[in-house]
Amino acid sequence: MDPFEIIKKYYNPQSMAYKILINHSKAVAEKALKIAEKFNVDKQFIYEAAMLHDIGIFMTNTPKLDCHGRFPYIAHGYLGREILEKERFQKHALVCERHTGVGITMEEIIKKNLPLPHRDMVPVTMEEKIIAYADKFFSKESDGSVRVRTVEEIIKDLSRYGEEKVKIFKEWLNLFERDD
244 MDPFEIIKKY YNPQSMAYKI LINHSKAVAE KALKIAEKFN VDKQFIYEAA
294 MLHDIGIFMT NTPKLDCHGR FPYIAHGYLG REILEKERFQ KHALVCERHT
344 GVGITMEEII KKNLPLPHRD MVPVTMEEKI IAYADKFFSK ESDGSVRVRT
394 VEEIIKDLSR YGEEKVKIFK EWLNLFERDD
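As numbered in our numbering, residues 244 to 423 make up the sequence shown, in order.
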């Protein structure tokens, strides 16, 4: 499977949205693959899913990313899942839905009245966790560049959503960055 062929079905390769998506996804894939070397995981799947994890952003109303859809940005995960399910890539689709933050529980969705389907959207497999973790380190910028985020920035950002989110990230940090 060539993730670029799938992306080109939904994005004009000349658009800024395409450039933003590809540059971000390449950075995430590179970090995820580096982490994957330490584990018995499907590296080809990690590459493909990391390249596709944000495919749903074009359906969101996020002009700074050249995305002019009608949904809020938080919906890009489940929208990406729907796209990749249509493309018949079920496992990749789940990565789209489960990568946001360190995951969003159904309880949070209901409690915070988030505009998301009422189900758990939390990374389950090691591959999903690796991609969600790697994603935290790279911000999409409106000029197509990628800004590398520090651990401190990530923790500060996640703390807005509760200490449980920080705890999960720190567990991942410990697991994925340790030198064995």
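Each residue gets a CB set at the ideal place from its N, CA and C atoms; glycine is no exception.
The structure displayed is predicted, hence computed values, not measured ones.
| Item | Value |
| --- | --- |
| Using DSSP bridges, identify the partner residues of S258. | Partner(s): none; S258 has no beta bridge. |
| Mind checking whether H361 and I352 have CB atoms under 8 Å apart? | yes |
| In this structure, how does DSSP classify H342 when only helix, strand and coil are distinguished? | coil |
| Between the C-alpha atoms of I249 and E371, what's the straight-line distance to the nearest angstrom? | 20 Å |
| My output table needs one value for H332: the three-state DSSP class, helix, strand or coil. | One point to set straight first is that residue 332 is Phe, not His, in the sequence displayed. Reduced to three states, the DSSP call for F332 is coil. |
| The ligand GTP heavy atoms versus the CB of I249: any closer than 7 Å? | The ligand GTP is not part of the structure shown, which contains no ligands of any sort. |
| Count the other C-beta atoms from every protein chain shown that fall within 10 angstroms of the C-beta of D386, then say buried if there are 16 or more, exposed otherwise. | exposed |
| If you draw a straight line from the alpha carbon of T303 to that of E414, how long is it in whole angstroms? | 31 Å |
| Considering Cα atoms alone, identify which of M259, G344 and R313 is closest to P366. | G344 |
| By a C-beta neighbour count over all protein chains shown, 10 Å radius and 16 as the cutoff for buried, is F419 buried or exposed? | buried |
| List the endpoints of the continuous beta strand (DSSP E) containing V389. | V389 to V391 |
| In the DSSP output, what is H311 paired with across the bridge? | N304 |
| Does the Cβ of K383 have 16 or more other Cβ atoms within 10 Å, making it buried, or fewer, making it exposed? | buried |
| Go ahead and label R331 buried or exposed: buried means 16 or more other beta carbons lie within 10 angstroms of its beta carbon, across all protein chains shown. | exposed |
| Sorted by chain position, which residues of the same chain lie with C-beta nearer than 6 Å to I298's C-beta, five sequence neighbours on each side aside? | G323 and I326 |
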